[in-house]
Amino acid sequence: MPSAHPDVMDKLVSLAKRRGFIFQSSEIYGGLGSVWDYGPLGVELKRNLQERWWHAMVRSRDDIEGLDSAILMHPRVWEASGHVGGFVDPLVDCKVCKGRFRADKLQDAQCPRKPSRKPGEHGECQLTEPRQFNLMFKTHMGAVEDTAAAIYLRPETAQGSYVNFLNVQQGMRQKVPFGIAQIGKAFRNEITPGNFIFRTREFEQMEMQFFVEPGTDMEWFEKWKAWRMAWHQGLGLLPGRLTYHEHEGSELAHYARAAFDIEFDFGGTLGPQEIEGIHNRGDFDLGKHQEFSGKRLEYVDQGANKRYLPYVIETACGPNRTLLALLVNGYREEAVQGEDEGRVVLGLSPALAPIKAAIFPLTRKDGMPEMAEKIAAELRGRFRVDYDLSGSIGKRYRRQDEVGTPYCITVDPESVGNGSVTVRDRDTLKQDRVDATRLGAWLGERLPA
Ligand code: ATP
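According to the working numbering, the sequence shown is numbered sequentially starting from 5.
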């Protein structure tokens with residue numbers, strides 16, 4: 005669905021490359037389609053995002069445990085989970101242009117020969133009947149390439165949490181309700197990857213499986229729905245660009261008792277798209293693993309003297325997509341009073357910004373560089389800071405604005421005399437004079453964990 009917000013994707017792809025956020029994979033060899041590398045600032049931003057999630061989901065709660073399960077799992081896991089048989093997308097080919105499209109996403113696609121039309125709408129298109137295409141990447145384990153050694157790269161992290169349900173519960177003496185959270189890579193051989201880092205074949209997930217007593221599941225589902233929306237708003241994503249999308253009828257996966265997506269409006273033709281899914285999966289997963297492994301996976305509630313297979317509420321978020329949402333949400337171009345050239349600003353929340361502060365000596369004379377270097381070295385232990393002495397102050401501000409640095413600290417002649425520096429706010433452009441010895445505390449107050 006087209007959006008009222010502008011399409012800033014092309015500008016972001018170029019900014020991301022130019023300023024060290026995101027590079028195309030293997031670029032010097034012509035690039036690998038839809039695979040991306042995170043550069044120095046991109047990896048900082050992604051880590052800040054992931055750490056924020058880990059803090060909200062694991063560290064600040066006593067009812068969720070962390071896990072880091074392996075990417076490679078026993079092949080039976082994927083038979084039990086239904087992925088071998090059913091993790092498929094309907095694929096259609098065009099016999100004329102050789103394009104490949106997802107039959108259920110034709111509305112979002114463009115005909116390669118006539119981009120203003122959808123595939124199938126151009127007079128010469130010849131689309132095949134849809135056929136099912138399994139999205140799992142297959143490889144071989146060990147030296148012998150026979151079918152017995154066939155193994156998959158995981159298409160989601162969730163299964164690692166299900167097969168470790170009892171290990172975590174017993175090891176940590178947890179009682180239901182409790183959750184297992186993990187962050188890790190997932191791989192899907194997507195038919196139509198694209199839109200920069202929105203849909204890629206290698207990506208990351210931040211998933212949490214919350215195990216509850218059957219009958220209490222919808223109550224927990226509603227709580228998680230609200231908590232996860234509040235978390236996305238807390239990142240600074242504009243509330244008006246965030247919406248719920250309920251899965252109904254045929255959209256609802258066969259194992260799901262209820263499912264809502266949290267969508268962000270990416271602007272332009274991409275419009276509102278899923279960044280997180282919240283699912284009530286019932287006892288489908290534990291039930292299947294119990295059946296296929298032959299091991300009992302029931303929870304024993306000793307207090308109430310009963311045993312049961314818990315139901316699962318899953319929250320499944322993609323950090324790469326959420327990072328893209330943050331870039332789209334934060335990007336703005338502004339006129340600057342008294343200057344011909346405007347500025348580009350990445351309005352990231354200070355807590356997520358890759359560089360927290362930049363330190364500039366006003367000129368290269370009179371002890372200013374020495375004082376600025378000393379400040380940078382002192383702050384570096386606590387914050388990611390940048391030191392820059394090249395170009396005019398205006399240029400240096402612009403460089404920091406477009407990577408989202410919230411504070412710029414300038415050492416001027418007055419600083420050398422009385423020890424105070426100016427701190428300029430990225431958004432309000434207001435300048436405060438702060439004693440250099442107080443800078444750590446000043447930033448600490450404004451950069452909550
Ligand atoms: P879609 O319908 O867009 O293919 P999905 O419903 O299959 O997504 P889930 O399986 O619920 O996605 O995965 C949870 C989250 O993982 C998604 O909300 C998204 O943020 C992220 N994700 C899924 N597939 C990809 C991908 N190919 N590239 C980047 N992120 C992805």
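A virtual CB, placed ideally from N, CA and C, is assigned to each residue, including glycine.
Beta strand (DSSP E) segment containing Gln-213, residue limits
206-216
What is the rounded straight-line gap between the Cα of Ser-64 and the Cα of Gly-272?
When rounded, the distance between both Cα atoms is 37 Å.
Residues bridged to Tyr-411 [DSSP beta-bridge criterion]
Ala-361 and Asp-429
Thr-409 burial status per 10 Å Cβ neighbour count (16 or more: buried):
buried
According to DSSP, is Ser-394 part of a helix, a strand, or is it coil?
When DSSP states are grouped into helix, strand and coil, Ser-394 belongs to the coil group.
Bridge partners for Asn-284 per DSSP, in chain order?
Ala-262 and Ile-317
At 3 residues or longer, and completely inside the region 9-64: list those beta strand (DSSP E) runs for me, N to C.
The DSSP assignment places 26-28 and 40-42 as complete runs of the beta strand (DSSP E) inside the region 9-64, in order along the chain (cut-off: 3 residues).
When burial is assigned at 16 or more other CB atoms within 10 Å of the CB, is Asp-287 buried or exposed?
buried
Cutoff 7 Å; reference Tyr-391; Cβ partners in own chain excluding five residues on either side:
Ile-363, Ala-376, Glu-377 and Ala-380
Express the C-alpha separation of Ala-262 and Asp-289 in angstroms, rounding to a whole number.
15 Å
Put Phe-105 into one of helix, strand or coil per three-state DSSP.
strand
Compute every distance between the C-beta of Phe-207 and the non-hydrogen atoms of the ligand ATP, then say whether any falls below 7 Å.
For Phe-207, the Cβ falls inside the 7 Å cut-off from some heavy atom of the ligand ATP.
Is the beta carbon of Gly-188 within less than 7 Å of some heavy atom of the ligand ATP?
no
How about Ala-320: is its Cβ closer than 7 Å to a heavy atom in the ligand ATP?
yes
In angstroms, rounded to a whole number, what distance separates the CA positions of Gly-146 and Gly-298?
26 Å
Over the uninterrupted beta strand (DSSP E) stretch that includes Thr-143, give me the two end residues.
142-144
On the DSSP letters alone, give me the boundaries of the beta strand (DSSP E) that Asp-416 sits inside.
First-last for Asp-416: undefined, no H or E at that position.
Do three or more CB pairs link the region 44-62 to the region 119-134 at distances below 8 Å?
no
Whose C-alpha, out of Glu-302, Glu-133, Lys-21 and Glu-211, is nearest the C-alpha of Lys-179?
When the alpha-carbon of Lys-179 is set against those of Glu-302, Glu-133, Lys-21 and Glu-211, the nearest one is in Glu-302.
Mind checking which residues open and close the beta strand (DSSP E) that includes Asn-138?
135-138
Does any heavy atom of the ligand ATP sit closer than 7 Å to the C-beta of Arg-117?
no
I think Glu-267 touches Glu-278, with their Cβ atoms under 8 Å apart; what is that distance to the nearest whole Å?
Contact flag correct, Cβ pair sits at about 6 Å.
Kindly indicate which three-state DSSP category Ile-201 falls into: helix, strand or coil?
coil
Please name the residue or residues paired with Leu-157 in a DSSP beta bridge.
Leu-157 has Leu-76 as its beta-bridge partners, per DSSP.
Just curious, the beta strand (DSSP E) that Ile-68 is in, first and last residue?
Counting along the chain, the beta strand (DSSP E) containing Ile-68 begins and ends at 68-70.
Spell out the partners DSSP gives Cys-98 in its beta bridges.
Leu-131
Using a threshold of 8 Å, state whether the C-beta atoms of Glu-382 and Gly-448 are closer than that.
no
Ordered along the chain, which non-local residues of its own chain (more than five positions away) have a Cβ less than 7 Å from that of Leu-239?
Non-local beta-carbon contacts of Leu-239 in its own chain, meaning distances under 7 Å to residues more than five positions away in sequence, involve Leu-330, Ser-353 and Leu-356 in chain order.
Reduced DSSP secondary structure (H/G/I, E/B, other) of Ile-195:
Judged by DSSP in its simplified three-state form, Ile-195 adopts coil rather than helix or strand.
Three or more beta-carbon pairs under 8 Å between the region 216-230 and the region 61-77, yes or no?
The region 216-230 is not in contact with the region 61-77.
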